[in-house]
Every structure is written in C-alpha cells, then in structure tokens.
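For the record, in the sequence shown the residue sitting at position 143 is 1592 according to the numbering used here, with numbers rising by one throughout. Built from N, CA and C at the ideal position, the CB exists for glycine as well. Below is one structure, written out as structure tokens; the observations come after it.
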Amino acid sequence: MTLNELYKKAVLALESIENGETDARIIIKKVLSVNETEFLLSKHLELPDEKIKTIDRMIDKRLSGIPVQYIIGEWDFYGTTFKVNENVLIPRPETEFLCEYVIDCLKGKNSPIIADLCAGSGCIGITIKNNVSDSTVILVEKSPEAAEICRQNIADIIGEASVTLINGDIYECEKFTGLPLFDIIISNPPYIKSSEIPTLQTEVLKEPEMALDGGVDGLDFYRLLTEKWTEFLKEDGMFAFECGEEQADDIRALLEKKDFDVIYLKDYNNIDRFVIGKRRKK
C-alpha cells in the first residue's frame, strides 16, 4: 500500500470526526517521521506492513475518542514540542497569549522569580524560562504522574538544573513557606464546574479530571490562590490566571478584595480568558 492509498483510507475512516483529515495526516507523519514537505513528496512510497499496522491502530484509537495529541504523545506549544499523555492537559493555543503577556511583563526585570502552579505538562513555566533566561521558575504539580511528564519536558527542553519542580498540593500552603517571594504567580488551574464535567466532549473527557474540575462553581482554585497565595507575592507582584468563559468578573471580585488592580485579556474568540491581578503598593 502506498502512502497516498493509506492516507485516503485513514481520512475515510475518520470522516465522522471533526478535523479527521488533519488528524489522519498528523498520525501518518508521526509514524513515518516525515515533515509536511516530505509527506507531499512521498505519496507514491510503498509502506512496510509494520508501519501500516501501527497507523491503523492509531486510527482506531482516534475513533474511540482518544485525542490525537495523546495518540502521538506530543504537542507543540509556543514553538516547542512537549511530551503529553492522558495524565496532563493538552496545551491549548490560547494559553500562549498568557505566556506572551507574562514574558513581556518580565522584560527589563532583573532575575525575576515566577511560580507556575498546577503546572501539568510544564508548558507554561518552561516556556517562560525558555524566553526569560535569567528568571527563576518554580513549577508545582500535585499529580505524581503529571509531574513525571513535566520532569521529562524539563529535561528535554531546558535541562533539569534550569527550573525547580515540586510534586506537591497547592492547598497545603504550609509546606511552601520556604519559597522565595514571587514577581508573578501564573496558573491555568481546574475551572470547570463539577456538574458540567459529564457534558464535556468525548475528547475532553479523556483528559485528567483532576485538571478539569474546579468545584461546584468552578472557582475553588481561584479562591485558594487569592486567599492563601497572595502572601507568596512580592509587594508589587502579580497573579496571571487563565479562566473559563464568564468567570472573569467573579475572579476580579476575589482579587479586588485583596487589593489588586485587575485587567482582562481576550482569547482568539474575543472571550475574556485571562485575568491579571497587579498587587497595589501599600
């Protein structure tokens, strides 16, 4: 079977799935270790049976609802490829906005100190370190399985000595009293209402529930962060949060109670997706 024949077969198999043609292309390119140009130039290449069987198995996984990112075991974020599996959230393009904003805020700061809480794959904290070389970045992740993926990404992308990874629960604040004060605490925490979890798309339900469930109103982690983690910020420090649709105003109220000035940033769909809280100087 040629590459082109297999590609047509895969596209047909995935025709009921949104972006099925794109997913078929991603899977085939991954298995064959080819880029887009090589893919286009190799359409008449005869494929070995072993490769065909591997691609067929991956197509079957995609048909079962497993996201293509987990199937190929990686995904690009801010120009860097990160390892991912079912233990971590899949990096989203809109989160790049938050990273870019924080990176811009850090320009001109000498040796800034940043915390990435609920770090997951580590894509946020690693991206910041990658772009602000003199920064000190501490990543905190509760799940041991997610922390292991984060650790692998740190080792592969920037080197284990470049950042600090803590496998711990941000609710246990007393265990973090030895940390330095931060210029910025950045977090993309769980923010989906518990009651809405069963209604999510099949692909999203394959992601770890721990990284999705934000409690009854979806705001549990924002309450925790504003109530307990403000003391970990410098006097002119800043929170940078990603949040769900229609949550920005509630998070703003939480921050304003703690004497923060608040601004919103919008995502690709013009939704208030990011809440920035700048601590008022006393």
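Within 10 Å of its beta-carbon, does residue i have 16 or more other beta-carbons around it, so buried, or fewer, so exposed?
i, result
"G1663", "buried"
"S1592", "buried"
"E1691", "buried"
"K1532", "buried"
"G1557", "exposed"
"N1582", "Before going further, note that residue 1582 is Ser rather than Asn in the sequence given. Exposed: under 16 other Cβ atoms inside 10 Å."
"A1473", "buried"
"Y1620", "exposed"
"R1729", "exposed"
"R1701", "buried"
"L1489", "exposed"
"T1626", "exposed"
Out of the options, which one is the CA nearest neighbour of residue i?
i, options, result
"I1633", "T1679, D1708, L1461, N1579", "T1679"
"A1568", "P1639, K1730, E1623, L1682", "P1639"
"L1481", "K1556, S1584, E1499, N1534", "E1499"
"I1720", "D1509, E1695, K1706", "E1695"
"R1722", "T1529, N1637, L1674, G1574", "N1637"
"A1697", "L1649, F1681, V1724", "V1724"
"L1463", "I1508, T1451, L1649", "I1508"
"D1685", "G1726, E1652, V1537, D1699", "G1726"
"I1603", "F1625, L1661, C1572", "C1572"
"P1629", "S1611, L1490, K1458, L1682", "L1682"
"K1479", "I1466, R1728, L1452", "L1452"
"R1511", "E1487, I1466, P1647, S1491", "I1466"
"E1656", "C1622, I1700, S1570", "S1570"
"L1661", "F1709, P1647, L1674", "P1647"
"E1594", "S1611, F1631, K1624, E1535", "E1535"
"S1424", "V1665, R1600, I1521", "The chain is shown from 1450 up to 1731; residue 1424 falls before or after that span and cannot be answered."
"A1610", "L1588, Q1650, T1626", "L1588"
"E1485", "L1494, H1493, I1475", "I1475"
Can you list, in chain order, the residues of its chain whose CB lies under 6 Å from that of residue i, leaving out five sequence neighbours each side?
i, result
"E1470", "V1460"
"K1596", "Going by the sequence as given, residue 1596 is Ala instead of Lys. These residues qualify, in order along the chain: E1590, N1616."
"S1491", "L1452"
"F1526", "P1540, C1572"
"Q1601", "K1532"
"M1687", "I1633, K1727"
Reducing DSSP to helix, strand and coil, say where residue i ends up.
i, result
"E1590", "strand"
"A1689", "strand"
"T1585", "strand"
"R1701", "helix"
"V1724", "strand"
"L1481", "helix"
"T1679", "helix"
"L1555", "helix"
"I1615", "strand"
"T1626", "coil"
"L1566", "strand"
"S1636", "strand"
"K1655", "coil"
"V1711", "strand"
"K1532", "strand"
"E1684", "strand"
"D1525", "strand"
"I1504", "helix"
"D1662", "strand"
Please return the same chain residues whose Cβ sits closer than 8 Å to the Cβ of residue i, not counting the five positions on each side in sequence.
i, result
"L1455", "I1477, L1496, I1501, I1504"
"I1606", "T1529, F1531, I1575, N1579"
"I1577", "C1548, V1551, I1552, L1555, I1563, D1565, S1584, V1586, I1635"
"S1560", "D1583, S1584, T1585"
"E1705", "V1711"
"L1673", "I1619, Y1620"
Using a threshold of 7 Å, is the CB atom of residue i nearer than that to any non-hydrogen atom of the ligand SAH?
i, result
"S1592", "As for the ligand SAH, it is missing from this structure, which has no ligand bound."
Going along the chain, which residues of its own chain have a beta-carbon closer than 7 Å to the beta-carbon of residue i, five neighbours each way excluded?
i, result
"E1523", "T1530, F1531, K1532, V1533"
"V1483", "S1491"
Next item on the list: State whether the region 1530 to 1547 contacts the region 1708 to 1717, with contact taken as three or more CB pairs (one from each stretch) at a distance under 8 Å.
Entry: Look at the beta carbons and you see the region 1530 to 1547 touching the region 1708 to 1717: at least three pairs across the two are nearer than 8 Å.
Check: When the Cβ atoms of the region 1509 to 1524 are set against those of the region 1549 to 1565, are three or more pairs found closer than 8 Å?
Finding: By the Cβ criterion, the region 1509 to 1524 is not in contact with the region 1549 to 1565, since fewer than three pairs of Cβ atoms, one from each stretch, lie closer than 8 Å.
Check: Is it a yes or a no for the region 1664 to 1675 touching the region 1609 to 1618, going by three-plus beta-carbon pairs under 8 Å?
Finding: Segments in contact, no.
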